[in-house]
């Protein structure tokens, strides 16, 4: 009986010591400073919306600026670089595809349980993949999912014609780039 009581105290102590997951810290909104926690459904909707917006903008820029050319890496080279990043930063590749608005536009989805590490490494990973500051692709989309397949970070850009880009994250600490 003493062992069972001791186990209960230990479990209670561990439970009280847990901090909130970085996935559930939320985003501070505007001047109010209130924090909004992004749930699973909202995260999935945001990812779907962001992906659709990115694809629409790729198609639009392909129509309006058809003469711009990019020195795309061969797909096998990009995949090898992505595989190396996956090993180094501890993520699995969920999907790896190319859209072809005019040339190649990689769309990559990865999964990890090392959320902060991946968020902090995203700029380096994308630089290694896309070769920034010299753009190799007319657009690039990178989404990271948690271990349950729920998006927690998105970074994207379209550089043909009028450049645009953005980022989205489930919490302040998961943004891959400075924001304000």
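Numbering (the numbering used here), first residue to last: 266 to 445. Note that CB positions come from ideal geometry on N, CA and C, so glycine has one too.
Taking all protein chains in view, the Cβ of residue 329 is surrounded by fewer than 16 other Cβ atoms within 10 Å, so the residue is classified as exposed. When rounded, the separation of the alpha-carbon atoms in residue 434 and residue 379 is 14 Å. The segment 289-375 is shown to contain whole alpha helix (DSSP H) runs of 4 or more residues at 305-329, 340-354, in chain order. Here the C-alpha atom of residue 389 lies approximately 12 Å from the C-alpha atom of residue 351. Counting C-beta pairs closer than 8 Å gives three or more between the segment 311-324 and the segment 414-433, which meets the contact rule.
Contact check for residue 308 and residue 405: beta-carbon distance about 21 Å, past the 8 Å limit, so the pair fails to qualify. In the structure shown, residue 408 falls within a strand segment according to DSSP collapsed to helix, strand and coil.
Residue nearest to residue 365 within the set 345, 403, 349 is 403 (criterion: CA-CA distance). Ranking 436, 444, 407 by CA distance to the CA of residue 290 puts 436 first. For residue 380, the enclosing alpha helix (DSSP H) covers residues 380-395. Rounded to the nearest whole angstrom, the C-alpha separation of residue 415 and residue 305 is 6 Å. In this chain, the beta strand (DSSP E) harbouring residue 416 covers 416-423.
Each residue's CA atom was taken as its position, placing residue 299 and residue 293 some 5 Å apart.
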